[in-house]
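The block underneath contains the structure these notes are about, expressed in structure tokens.
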Amino acid sequence: MHSFLNLLLPLLAWLGSFAPAATPVSKTAADPDWVKQTGAKTQPAGKAVFQVTKYGAVADGKTLNTMAIQKAIDAAAKKGGVVTFAPGEYLTGSIFLKKGVTLNLPKGVTLLGSQDLKDYPDMPSRVAGIEMVWPAALINVLNQDNVAITGEGTVDGQGKPFWDKYWAMRKEYDAKGLRWIVDYDAKRPRTLIVANSSNVTLKGITLQRAGFWTVHILYSKNVTADGLVIRNNVGGHGPSTDGIDIDSSSYVLVQNCDIDCNDDNFCLKAGRDWDGLRVNRPAEYILIQNCVAGAGDGLFTCGSETSGGIRHVIARGLKAKGTKYGIRLKSATNRGGTVEDILVEDIEMESVRVPIIMTMNWNPSYSYSTLPAGYTEATLPEHWKKMLAKVTPEQGTPHFRNVTIRNLRATGAKEAISAEGLPTSVLDNFTMENITITGATAGKIDHAKGWSIKKLDIKADDQEPVAVTNSADMKY
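According to mature numbering (1 follows the signal peptide of the UniProt record, and there is no 0), the stretch in the sequence shown is residues -21 to -1, 1 to 455, in order.
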């Protein structure tokens, strides 16, 4: 055990600076075949240009341009083409892209999201793992194929009124014992959603101040997000302003993105509790590479919505500075689902609170739904009933297995590793290789089995080793 818990090699050269890329222990094996299948396989070919000002749009930041922009999109969809903008600010509510259309936002163009919820029509969707009616996003790609959003312009969700709405409701709901449902009752528009679609390319644009999640890829296949910049802490700290959420989707490529938000930065999801188990759609065949995270709750997160399973994932070449958590696997005992075949490699972190963190009992006040006295279940909204539907322990127990983390360097941590399985579901068959972390404490591993640990070097200020408990077959 002491060889596993060694605290060798002073790492002062790394303190106060961002570490260079870790040197691999051995040559990385060739990528699995599925990696070549990730991302959009086609892009719109139409070259005709449809200038929104010709359809009545006004770039004054005050005129509501929803109808004018939609007219330009509809015209472009008839023969294929590029919808574009002259420099300026365009206020708009929900717009809906169509097959064969490229929405191009040149440098100097800003789409401003309306701050009036009525400009985002309600529609069926899935939100935080539950299928329910929710406001449309600012930009929507729904049931389409071969769509692109490109350019160096900006999409500004202007989300502060929606943040304020949430916090006001949160205070009221917390007092009533309803923390578990407030996120679903406080309706807020996402900035961009791709749902039930394929061959979608998102490239180059900046998105900021999301009212809720920023980019949501849902029930979709072959999607590329390349070079996106997300800034959600402009003028405040919006709740639930995730960066990129890949939700029950497959063959997704995310690369060269830079995210500063107030929740998970790059996040994989697959449904929540009874409703997620009913849908039972995995997030799978996903490649995330060469990306950067600033503020946010997680550099790379799997969960907490794990019900449909998260599998066949590679996350590599990622950097984080000041993110709360680094590599994060999270679920709850009514989620179910399996997180497996995950490879995370070539990671650099500075001032990340916990570089490696895993739990199957995440945020109980949010994760577990209990109806307070005074409510009649039969008269509740449908999404409340879904949240309250019972899940058996057999269905609800999540599983984390076959996870590899290698070539990781982190400085300035508070706790190097926090890995907690369950007595009924241990953290099974993990590989930790070539990992160097400096921080206040080494942390803990609980309820683990079959770990292979090579060149794990943790330098803790308190000189205490990693506490390993309730674990077996740990090879080091």
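Glycine included, C-beta positions come from ideal geometry on N, C-alpha and C.
Near residue i, what residues of its chain come up, given a Cβ to Cβ distance below 6 Å and the 5 sequence neighbours on each side ignored?
i, result
"Ile326", "Leu297, Leu387"
"Arg210", "Gln187, Asp239"
"Asn175", "Asn122, Tyr198"
"Thr448", "Asp425"
"Thr180", "Ala19, Gln22, Ala127, Thr203"
"Phe141", "Arg167, Gly190"
"Ile172", "Ala116, Asn119, His195"
"Gly275", "Cys240, Asn244, Thr302"
"Pro3", "Any reading at Pro3 must be qualified, since the residue scores a pLDDT of 39, below 50, and its modelled position is unreliable; no value is offered."
"Tyr230", "Gln16, Thr17, Lys200, Asn201, Tyr264"
"Val333", "Tyr304, Glu394, Ser397"
"Leu(-11)", "Residue confidence for Leu(-11) is low, a pLDDT of 29 falling below 50, so the modelled location carries little weight; the figure read from the coordinates is stated next. Correct list, in chain order: Thr417, Lys438."
"Ser346", "Ala311"
"Asp440", "Ala419"
"Met102", "Ala115"
Of the choices the options, whose alpha-carbon is the least far from that of residue i?
i, options, result
"residue 486", "Tyr198, Leu367, Asp224, Thr45", "It is not possible to answer for residue 486, since the shown part of the chain is limited to -21 through 455."
"residue 475", "Lys300, Ala115, Thr133", "With the chain running from -21 to 455 in the structure shown, residue 475 is simply not present."
"Asp12", "Leu266, Lys365, Val447", "Leu266"
"Gly25", "Ser227, Ala54, Val14", "Ala54"
"Ser227", "Ile196, Met366, His362, Ala294", "Ile196"
"Gly353", "Asp143, Val161, Lys155", "Lys155"
"Ile74", "Ala38, Ser404, Thr170", "Thr170"
"Thr383", "Leu435, Cys270, Val370", "Leu435"
"Gly315", "Glu356, Phe379, Pro351", "Phe379"
"Tyr163", "Ala446, Glu361, Gln374", "Glu361"
"residue 521", "Thr81, Leu96, Tyr264", "A question about residue 521 goes unanswered here, because the residues of the chain that appear run from -21 up to 455."
"Thr415", "Ser346, Ile335, Ser431", "Ile335"
"Val88", "Asn125, Val62, Glu356, Lys77", "Val62"
"Lys428", "Tyr455, Glu443, Gly418", "Tyr455"
"Asn83", "Pro66, Met328, Lys139, Asp95", "Pro66"
"Ile268", "Leu247, Glu324, Gly287", "The sequence as given places Gln at residue 268; Ile does not occur at that position. The candidate whose alpha carbon is nearest that of Gln268 is Glu324."
"Gly60", "Phe29, Thr390, Thr417", "Phe29"
"Pro377", "Thr371, Lys364, Ala357, Thr317", "Thr317"
"residue 462", "Ala421, Val161, Thr133", "With the chain running from -21 to 455 in the structure shown, residue 462 is simply not present."
"Ser330", "Met46, Ala299, Ala47", "Ala299"
"Ile411", "Ser431, Thr420, Gly418, Val405", "The residue you asked about is not Ile; residue 411 is Met in the sequence shown. Checked all of Ser431, Thr420, Gly418, Val405; the closest Cα to Met411 is Ser431."
"Ala419", "Asp407, Phe409, Trp253, Gly391", "Gly391"
"Lys369", "Ala107, Asp252, Pro103, Gly108", "Asp252"
"Glu284", "Cys270, Asp254, Ala294, Ala272", "Asp254"
"Gln374", "Lys364, Gln234, Ser404", "Ser404"
"Trp341", "Ser348, Thr312, Leu359", "Thr312"
Under DSSP, the beta strand (DSSP E) around residue i begins and ends at which residues?
i, result
"Asp224", "223 to 226"
"His195", "194 to 197"
"Ser229", "229 to 234"
"Ile184", "Where Ile184 is concerned, there is no enclosing beta strand (DSSP E), given that its DSSP letter is neither H nor E."
"Thr415", "406 to 425"
"Asn44", "From DSSP, Asn44 is part of no beta strand (DSSP E); its letter is neither H nor E."
"Arg210", "208 to 210"
"Asn313", "Neither: Asn313 is in no beta strand (DSSP E) and is coded neither H nor E."
"Asp440", "Taken as a continuous stretch (DSSP letters only), Asp440 belongs to no beta strand (DSSP E), as it is neither H nor E."
"Cys246", "243 to 248"
"Asn201", "200 to 205"
"Val134", "133 to 135"
"Asp124", "124 to 129"
"Ala451", "No beta strand (DSSP E) holds Ala451; DSSP gives it neither H nor E."
"Thr29", "In the sequence on display, residue 29 carries Phe and not Thr. Looking at the DSSP string, the run of the beta strand (DSSP E) that includes Phe29 is 28 to 30."
"Asp237", "237 to 239"
"Val173", "171 to 174"
For the alpha helix (DSSP H) that contains residue i, what are its first and last residues?
i, result
"residue 469", "Absent from the structure is residue 469, since the part of the chain shown begins at -21 and ends at 455."
"Ile160", "158 to 164"
"Tyr152", "139 to 154"
Starting from the C-beta of residue i, find all residues in its chain whose C-beta is less than 8 Å away, skip the five residues before and the five after it, and write them out in chain order.
i, result
"Leu91", "Gly40, Glu68, Tyr69, Leu70, Thr71, Asp135, Gln137"
"Lys33", "Ala51"
"Asn44", "Val31, Gly35, Ala36, Val37, Tyr69, Leu70, Thr71"
"Ser344", "Arg158, Trp159"
"Glu319", "Gly288, Ile289, Arg290, His378, Phe379, Arg380, Asn381, Val382"
"Phe(-18)", "Because Phe(-18) carries a pLDDT of 35, less than 50, the predicted location of this residue cannot be relied on, and the following value inherits that uncertainty. These residues qualify, in order along the chain: Ile432, Leu435, Val445, Val447, Met453, Tyr455."
"Leu76", "Ile52, Leu82, Ile118, Asn119, Val120, Gln123, Val126, Ile128"
Between residue i and the rest of its own chain, which residues show a CB-CB distance below 7 Å, the 5 nearest in sequence each way excluded?
i, result
"Thr338", "Lys309, Glu399"
"Thr42", "Leu70"
"Ala451", "Lys428"
"Lys78", "Ala56, Gln123, Asp124, Asn125, Val126"
"Asp221", "Trp192, Thr193, Cys240, Asp242, Asp243, Cys246"
Compute the minimum distance between the beta carbon of residue i and the heavy atoms of the ligand HEM, and state whether it is under 6 Å.
i, result
"Val106", "You won't find the ligand HEM in this model; it holds no ligand whatsoever."
Under a CB-based cut-off of 7 Å, is residue i close to chain C?
i, result
"Thr193", "Although the question refers to chain C, the structure presented lacks it and comprises just one protein chain."
- Query: What runs of the beta strand (DSSP E), each 3 residues or longer, lie entirely inside the segment 272 to 306?
  - Reply: Taking 3 residues as the shortest admissible run, the segment 272 to 306 contains the following complete beta strand (DSSP E) segments, listed from N- to C-terminal end: 277 to 281, 289 to 300.
- Query: Residue ranges of each beta strand (DSSP E) run of no fewer than 3 residues wholly in the segment 57 to 122, ordered along the chain?
  - Reply: Within the segment 57 to 122, the runs of beta strand (DSSP E) at least 3 residues long that lie entirely inside it are, in chain order, 60 to 63, 67 to 71, 80 to 83, 88 to 92, 101 to 106, 109 to 114, 118 to 121.
- Which full runs of the beta strand (DSSP E) of 3+ residues lie inside the segment 326 to 388, going along the chain? 333 to 338
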